[in-house]
Amino acid sequence: VTLLAAAGIGLYFAAQTGVFKSAAELDTAPPQTPPTVEDDDFTPSDTAPPLNSGEAERDWINVFSPSDPTLVSAPSDAKAEVMQDDSGSFLRIRSGASGSAISFDVEQGVLEKLAGKHATFDIIARSEEGQETQISVDCNFGELGDCGRKRYAVGHERNEYLFDVRFPDKRPGAAGAIAINSDFDKQGKSVDIYEIRVAIVP
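19 is the number that the working numbering gives to position 11 of the sequence shown; each next residue is one higher, with no gaps.
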């Protein structure tokens with residue numbers, strides 16, 4: 009009986025002092041808020057966000073290539089010219105002093121494929137040599153909304169500048185447009201656009 013009583017007292021003491029408590033129960037510090045990632049449209053470097061695993065193998069839909077410059081509209085004080093060098097063909101765009109943007113059509117058929125989907129747009133671009141610049145990107149997708157204003161710092165290395173859009177499940181009534189200002193600071197700097205493409209996120 010004495011042994012049983014001693015064992016019972018020992019178990020009671022162990023329970024009160026936390027011997028049988030879990031690590032979570034023993035942690036008396038205030039609960040920590042889990043880390044979060046804030047959405048920020050500005051990319052303050054000359055590198056685009058890194059490609060996610062498998063992103064390079066996506067089924068990309070062409071929005072613009074230099075082989076069809078008819079889908080590009082430049083205001084009177086802006087310039088857009090197809091050029092070529094060792095890196096390939098590209099469209100060199102230069103916004104006007106007013107900050108006017110060059111517009112790239114997004115055909116209605118492309119928007120029909122994107123309706124109700126989550127999509128990633130990819131602008132493949134570089135700045136003119138020795139002329140790093142900040143570009144701004146705006147979109148008008150009609151009934152499907154827009155993409156918000158995006159800003160990227162673009163260097164001379166050819167790179168990819170990505171942004172995501174979640175489209176409502178509506179039928180587009182017309183083509184849309186992506187507008188690119190080649191120099192957000194209005195210093196007359198140009199940007200070379202190699203390609204604009206889009207893919208549906210699985």
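Yeah, the Cβ is synthetic: ideal placement off N, Cα and C, and Gly gets one too.
Note that the coordinates shown come from a computational prediction; the quantities given were computed from them, not determined experimentally.
Residue i to residue j, Cα distance in whole Å?
i, j, result
"R102", "I186", "15 angstroms"
"V118", "I69", "8 angstroms"
"A82", "Q139", "21 angstroms"
"L79", "A183", "11 angstroms"
"D76", "K125", "26 angstroms"
"E65", "V206", "12 angstroms"
"D67", "F149", "21 angstroms"
"P210", "G196", "39 angstroms"
"D85", "I208", "35 angstroms"
Using a Cβ-Cβ cutoff of less than 6 angstroms, which residues in the same chain neighbour residue i once the five nearest sequence positions on both sides are dropped?
i, result
"H164", "R134, S135 and E137"
"E115", "A183"
"K194", "G107"
"S198", "R100, R102, E136 and S190"
"C147", "D154, C155 and I186"
Flag this pair as yes or no: are the beta carbons of residue i and residue j separated by less than 8 angstroms?
i, j, result
"Q112", "V71", "It should be noted that the sequence gives Phe, not Gln, for residue 112. Yes."
"A109", "F175", "no"
"D177", "A123", "yes"
"L170", "D130", "yes"
"E203", "S95", "no"
"T141", "V162", "yes"
Let's test the definition: count the other Cβ atoms within 10 Å of the Cβ of residue i and tell me whether it reaches 16, buried, or not, exposed.
i, result
"S144", "buried"
"A37", "Any reading at A37 is ruled out, since the residue's pLDDT is 45, under 50, leaving its predicted position unreliable."
"E89", "exposed"
"Q40", "Caution applies to Q40, whose pLDDT of 40 falls short of 50 and renders its modelled position unreliable; the value that the coordinates give is listed next. With fewer than 16 Cβ atoms within 10 Å of its Cβ, Q40 is classed as exposed."
For the ligand MG, I want to know if residue i counts as a neighbour, meaning its beta carbon is within less than 7 angstroms of at least one of the ligand's heavy atoms.
i, result
"V80", "The ligand MG is not among the ligands present in this structure, which contains no ligands whatsoever."
Can you list, in chain order, the residues of its chain with a C-beta nearer than 8 angstroms to that of residue i? Leave out the 5 residues immediately preceding and following it.
i, result
"V152", "Reading off the sequence, residue 152 comes out as Leu, not Val. These residues qualify, in order along the chain: L119, L122, A123, F175, P176, K178, P180 and G184."
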